[in-house]
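J.: There's a structure below that I have some questions on.
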Amino acid sequence: QQPVQSPQAVILREGEDAVINCSSSKALYSVHWYRQKHGEAPVFLMILLKGGEQKGHEKISASFNEKKQQSSLYLTASQLSYSGTYFCGTALRGGYQKVTFGTGTKLQVIP
Amino acid sequence: NAGVMQNPRHLVRRRGQEARLRCSPMKGHSHVYWYRQLPEEGLKFMVYLQKENIIDESGMPKERFSAEFPKEGPSILRIQQVVRGDSAAYFCASSPGTGGLLTDTQYFGPGTRLTVL
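Residue numbers (the working numbering), protein chains in the order written: chain E, 87 to 197; chain H, 77 to 193.
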């Protein structure tokens, strides 16, 4: 039931792009993306609802493919501040508040 | 507007003692969630509470762990007779509970790092 994220880890140089994927075996209603820096709390990035929408937040955007039960997080022109572990969280139905988090993708941006 | 507050930030207990972790949700939030995170691992759901009600405790160990969210005051996660395996970071999150057909966004507190000696 836990969503699976890929890759598990990635190292980028500043300015490079990255894609993080989140897949589920169950039909999803919404996908939530968070970033967590070492020793800190997870910070909310964005939420996507079923319907294949795509959202953007500066140079970080995401898509949700309802048919594939998959969401992807796109980081473009990465900055050092993007380093951290990215988690996707999935909810199975509307109005149900429990979110199950994925295994995490560790992203390191180097100069 | 203060965010989610957790205390203590660090807690050291000896095996067999009790640990009490507190979480004050954001102002206006009525839903609280507790998660456990082991080093280099993901967030494991433990329990979801609304004021005076446990909504989903499917992630709580059957023994020694309990949680409450009283009408007044913070939510408490209580671990009795702690063992070394309980050492972890425990995060609390809150949401407004106004999502309706949607799933609320959860906002996380800074966590409590529990170390069991």
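All C-beta atoms in this analysis are idealised placements derived from N, C-alpha and C, irrespective of residue type, glycine included. Keep in mind it's a predicted model, so treat the numbers as computed, not measured.
Specify, as a first and last residue, the run of the beta strand (DSSP E) that E:Phe-173 falls within.
T.: Looking at the DSSP string, the run of the beta strand (DSSP E) that includes E:Phe-173 is 170-177.
J.: Is there at least one Cβ from chain H nearer than 9 Å to E:Pro-93's Cβ?
T.: Not one chain H Cβ lies under 9 Å of E:Pro-93.
J.: With a CB to CB cut of under 7 Å and the five nearest residues on each side skipped, what residues in its chain are close to E:Leu-97?
T.: Note that residue 97 of chain E is Ile in the sequence shown here, rather than Leu. Same-chain partners within the cutoff: Gln-194, Ile-196.
J.: Starting from E:Arg-121, follow its DSSP beta bridges and name the residues at the other end.
T.: In DSSP, E:Arg-121 forms a bridge with E:Val-129, E:Tyr-172.
J.: Would you say E:Ser-116 and E:Leu-131 are within 9 Å of each other, going by their C-beta atoms?
T.: Going by C-beta atoms, E:Ser-116 is not nearer than 9 Å to E:Leu-131.
J.: DSSP state of E:Ser-167, grouped into three classes?
T.: Note: E:Ser-167 maps to helix in three-state DSSP.
J.: Could you have a look at H:Arg-140 and say whether DSSP puts it in helix, strand or coil?
T.: Coil, per DSSP.
J.: Might you give, ordered along the chain, the residues of its own chain that have their beta carbon closer than 8 Å to the beta carbon of E:Gln-183, omitting 5 neighbours on each side?
T.: Closer than 8 Å at the Cβ level, and outside the excluded window around E:Gln-183, lie Ala-177.
J.: Considering only the alpha carbon of each residue, which of H:Ala-164, H:Cys-168, H:Gln-182, H:Met-122 lies closest to H:Leu-114?
T.: For the residues H:Ala-164, H:Cys-168, H:Gln-182, H:Met-122, the minimum Cα distance to H:Leu-114 belongs to H:Ala-164.
J.: By alpha-carbon positions, which one of E:Tyr-120, E:Leu-114, E:Tyr-160 ends up nearest to E:Thr-189?
T.: Ranking the options by Cα distance to E:Thr-189, first place goes to E:Tyr-120.
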